[in-house]
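Protein chains: 2
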Amino acid sequence: MPMCAEHSNERLSRKLRSAGLRPSTARVHVLRYLDRNRNHPTVDQIYRSLLESLPGLSRASVYNSLAALGRAGLVRPLAMDGNELRYDSSVGDHGHFRCRGCGVIYDFDLPPAVSASAADGLQGFQVDRHDFLAWGLCPGCAGAGR
Amino acid sequence: MPMCAEHSNERLSRKLRSAGLRPSTARVHVLRYLDRNRNHPTVDQIYRSLLESLPGLSRASVYNSLAALGRAGLVRPLAMDGNELRYDSSVGDHGHFRCRGCGVIYDFDLPPAVSASAADGLQGFQVDRHDFLAWGLCPGCAGAGR
DNA sequence: TTATAATTTTATAACTATTATAAATTATTT
DNA sequence: AAATAATTTATAATAGTTATAAAATTATAA
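Same order as they appear, the protein sequences are chains A and B.
Taking my numbering, the leading residue of the first sequence gets 20, the next gets one more, and so forth.
Taking my numbering, the leading residue of the second sequence gets 20, the next gets one more, and so forth.
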């Protein structure tokens with residue numbers, strides 16, 4: 020049974036090219052990692068994981084790739100606290116909830132009306148991107164009484 | 020005509036006490052600064068400005084004060100990019116828009132329905148706080164054709 | 001009021017995430 | 001295949017934040 024790595028690479032390369040980006044090794048791997056890991060990883064998590072299959076990969080290259088992917092709209096950054104930046108490959112309209120108990124960041128659906136009516140308060144502004152962020156306790160941690 | 024500095028201090032001290040915080044010099048000054056500067060200042064901006072009237076003030080003290088004020092719900096942190104943290108003394112429900120042209124962060128009203136219906140997607144979650152963030156170009160910068 | 005305890009601040013150092021730089025490499029174009 | 005442009009690497013520098021211990025302040029109790 021053949022591995023489909025080449026096919027997957029081809030698909031990702033095409034995705035990068037059609038977004039106007041060269042499909043460099045680092046970019047393909049970063050994009051694939053984010054496609055497969057929908058848990059909003061930090062830059063460090065991405066770097067450490069890719070390093071196993073790409074010895075010699077540099078942190079700067081991961082930062083560069085993420086910045087390029089972000090500019091192209093293929094991924095989006097997520098800053099829920101001041102320090103570390105996380106990345107999300109789900110580009111569709113959804114919000115983010117961070118649990119202060121377990122630290123997990125959950126995606127949640129935004130009714131289309133939310134984004135639309137938020138825009139009502141932004142007449143005359145040109146909105147490139149938006150996000151609805153919430154903090155608190157997830158059902159599990161709330162039940163555990165934290 | 021008398022200055023009202025003492026009155027102002029008294030008011031802020033009471034505000035701190037009723038929030039369960041000791042009205043230390045640093046906290047009073049940080050809170051007053053945020054009350055008067057609604058432009059979402061960075062920690063560094065707060066520190067540098069207070070240093071003029073409070074020589075000897077340390078950065079750590081500003082960080083400590085802001086953390087205490089944040090826990091008490093008197094101010095709220097705002098992270099619109101990965102690096103620097105800003106603070107907002109408007110605790111009411113509103114969103115934030117950052118212009119990539121001039122860098123200004125604008126407040127905008129959120130129709131009450133927005134927060135309510137966003138909560139629909141968070142059944143079972145206990146939401147402590149939330150924020151609607153948007154990025155793009157403000158009317159002025161959009162007009163200037165950036 | 002004085003003594004005691006708890007909290008807060010200061011000064012400093014350490015840490016972490018990110019950005020900048022220049023040389024080497026890689027990909028694209030001619 | 002050679003030339004050009006873009007990307008990556010390795011390293012250093014920067015910036016923002018957190019940790020630590022001693023000193024100072026504030027609150028509580030005698």
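Using N, Cα and C, we set each Cβ at its ideal position, and we do this for glycine too.
Residue i: contacting residues in chain A (beta-carbon distance under 8 angstroms)
{"i": "B/R148", "result": "A153, W154 and G155"}
Any C-beta of chain A under 8 angstroms from that of residue i
{"i": "B/A137", "result": "yes"}
{"i": "B/G92", "result": "no"}
{"i": "B/D63", "result": "no"}
{"i": "B/V110", "result": "no"}
{"i": "B/P60", "result": "no"}
{"i": "B/P74", "result": "no"}
Listed by chain order, chain A residues near residue i by CB distance under 9 angstroms
{"i": "B/D100", "result": "P96, A98 and L104"}
{"i": "B/P130", "result": "S136, A137, D139 and G140"}
Three-state secondary structure assigned by DSSP to residue i
{"i": "B/H59", "result": "coil"}
{"i": "A/C23", "result": "Note that A/C23 scores a pLDDT of 41, beneath 50, so its modelled location is shaky; the value from the coordinates is reported in the next line. Three-state result, A/C23: coil."}
{"i": "B/D54", "result": "helix"}
{"i": "A/R95", "result": "strand"}
{"i": "A/R41", "result": "coil"}
{"i": "B/G89", "result": "helix"}
{"i": "B/L76", "result": "coil"}
{"i": "A/G159", "result": "helix"}
Within chain A, partners of residue i - CB distance below 7 angstroms
{"i": "B/L141", "result": "F116, F127 and A153"}
Inter-residue Cα distance where the pair is residue i and residue j
{"i": "B/M22", "j": "B/N28", "result": "Note on B/M22: pLDDT 37, under 50, position unreliable in the model; no value is reported."}
{"i": "B/R90", "j": "A/S68", "result": "35 angstroms"}
{"i": "B/P74", "j": "B/V49", "result": "14 angstroms"}
{"i": "A/N56", "j": "B/P42", "result": "46 angstroms"}
{"i": "A/A45", "j": "A/S80", "result": "7 angstroms"}
{"i": "A/N58", "j": "A/H115", "result": "11 angstroms"}
{"i": "A/G143", "j": "B/G162", "result": "10 angstroms"}
{"i": "A/S72", "j": "B/S32", "result": "58 angstroms"}
Chain B within 8 angstroms of residue i, Cβ atoms only
{"i": "A/A86", "result": "no"}
{"i": "A/A161", "result": "yes"}
{"i": "A/A79", "result": "no"}
{"i": "A/C23", "result": "Low confidence applies here, because A/C23 scores a pLDDT of 41, under 50, leaving its location unreliable and the question unanswered by this model."}
{"i": "A/V133", "result": "yes"}
Beta-carbon neighbours of residue i, restricted to chain B and to distances below 8 angstroms
{"i": "A/P42", "result": "Going along chain B, no residue has its Cβ under 8 angstroms from A/P42, so there is no contact; the nearest lies around 26 angstroms."}
3 or more residues per run - each beta strand (DSSP E) lying fully within the region 104–144 of chain B: As far as the region 104–144 of chain B is concerned, its whole beta strand (DSSP E) runs of at least 3 residues are 105–107, 113–118 and 124–128.
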